[in-house]
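The structure is reproduced here in structure tokens:
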């Protein structure tokens, strides 16, 4: 029996969550050998060579170069346009790895095959990463959807009006680096020393960019609520050259906060994550962030907001606290509770560790991925 042929369409080859997740699924898919597939990326990035090592990989930007030249390693005529090359491949399915591919999907409609879109975004992400026209195209041209979390499926059904029967939730693969990471206690002590972080304080940590969606402003407000407690807040992410970073430092100064430190983006985030006693996710919206899985793998109790994405699906009632949306008082009280009950952080951290390992095994996630693919034919 001839194998079905799939075109996987990603937005770029940058080293970011959705791109890394697709790459890992494709490596498993190649090993599994049930399907033939090629890859189309909207733009280049540092993961490009890894994509090319798996399958024929095309760049959508090549379609707009004057000579319309396809990557020469694929040995196609230089006179062929990218769309002509793709048409000749006779795909059975287009798998789009983001809701932001609407414009590309419009052009690919000439391939005349069904589309499934893997959605890693929520409402704010829809607005940030794509235009209304492109979004509408992606929704209209997709016959089915894969959601990275229950919260994403819920958003597609309740806000975008997608039939729930067209949406499958597929669990994300565990981040490989965190899965095999072993914290070094001496390194943690040294990090605290070099970063001027109190050795004996409870470290409440957050990670991410300094934008509105990640809720760094909310992180500051919670730090303010606990300014007189033995808690020290550390945020890892951002860059001193950003206006957001400068505004943040101005806020810290005016709020007279002495219990907080902002550390620029680092190459060894797991070392810092292992330093935290509590992981505080202040995101207004985060579909299912990798950092939450990393925190659970490192046995950190997690505090997150309700109605802010899929993290609550992992945290539940036993791996930390899910507090009302943007309620800084309840978040502060949750931190105090973790500080006041000596065994609670370890107990909740252990629960989270067991849950994340059970929910996100490679075998389970890939089985869900294969089932979602097979349902498209």
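Residue numbers (this note's numbering): 25 to 401.
Cβ coordinates follow ideal geometry from the N, Cα and C atoms, glycine included.
None of the values given here were measured: they were computed from a predicted structure.
- Inside the region 121-157, DSSP marks whole alpha helix (DSSP H) runs of 4 or more residues at positions 126-132, 147-153, from first to last along the chain.
- In summary, residue 290 is exposed, with fewer than 16 beta-carbon neighbours lying within 10 Å of its beta-carbon over all protein chains present.
- Sequence-distant Cβ neighbours of residue 207 in its own chain, meaning closer than 6 Å and more than five residues away, are 298.
- Within the model, the alpha-carbon separation for residue 153 versus residue 309 is close to 14 Å.
- The continuous beta strand (DSSP E) containing residue 260 extends over residues 255-260.
- Comparing alpha carbon positions, the residue from 168, 165, 173, 391 closest to residue 331 is 173.
- The region 311-331 and the region 272-285 do not touch, with fewer than three beta-carbon pairs separated by less than 8 Å.
- Around the C-beta of residue 217, fewer than 16 other C-beta atoms lie within 10 Å, and the residue is accordingly described as exposed.
- For residue 299, the enclosing alpha helix (DSSP H) covers residues 293-299.
- A contact between stretches requires three or more CB pairs, one per stretch, nearer than 8 Å, and the region 325-340 fails this requirement with the region 250-266.
- Between residue 118 and residue 143, the CB-CB gap reaches or exceeds 8 Å.
- Beyond the five residues adjoining it in sequence on each side, residue 374 comes within less than 8 Å, by CB distance, of 323 in the same chain, given in chain order.
- Taking C-beta separations shorter than 7 Å and ignoring five residues to either side along the sequence, the partners of residue 239 in its chain run 306, 307, 308, following chain order.
- Ranked by how close their Cα comes to the Cα of residue 81, the residues 33, 38, 114 have 33 in first place.
- With contacts defined by Cβ atoms closer than 8 Å, residue 122 and residue 35 form a contacting pair.
- Residue 45 is positioned such that its CB atom lies no closer than 8 Å to that of residue 67.
- Under the 10 Å beta carbon count, residue 156 is surrounded by fewer than 16 other beta carbons and is classified as exposed.
- In this structure, 135 is the residue among 135, 127, 128 with its C-alpha nearest to the C-alpha of residue 108.
- In the three-state scheme derived from DSSP, where H, G and I count as helix and E and B as strand, residue 75 is classed as helix.
- Counting C-beta atoms within 10 angstroms of its own C-beta, residue 43 has 16 or more neighbours from the protein chains shown and is therefore classed as buried.
- For residue 272, the CB contacts under 7 Å within the same chain, skipping 5 residues up- and downstream, are 234, 240, 286 in chain order.
- Residue 110 is positioned such that its CB atom lies no closer than 8 Å to that of residue 162.
- A straight-line Cα-Cα distance of about 40 Å links residue 247 and residue 390.
- Considering only 27, 200, 302, the residue with the shortest C-alpha distance to residue 41 is 200.
- Residue 369 sits buried, since 16 or more C-beta atoms from the chains shown fall within 10 Å of its C-beta.
- In the three-state reduction of the DSSP assignment, residue 28 falls in the coil class, being assigned neither a helical nor a strand state.
- Here the alpha carbon of residue 343 sits roughly 28 Å from the alpha carbon of residue 188.
- Inclusion of residue 27 and residue 60 in the CB contact set at 8 Å is warranted, their separation being smaller than that value.
- Going by C-alpha positions, residue 31 is about 6 Å away from residue 63.
- As DSSP reads the structure, residue 83 sits in a beta bridge with 65.
- In this structure, the beta-carbon distance from residue 198 to residue 384 falls below 8 Å.
- The continuous stretches of beta strand (DSSP E) do not include residue 399, and DSSP gives it neither H nor E.
- Counting the other Cβ atoms within 10 Å of the Cβ of residue 160 gives fewer than 16, which makes it exposed.
- Residue 175 is positioned such that its CB atom lies closer than 8 Å to that of residue 333.
- Closest in alpha carbon position to residue 25, among 37, 57, 214, 53, is 57.
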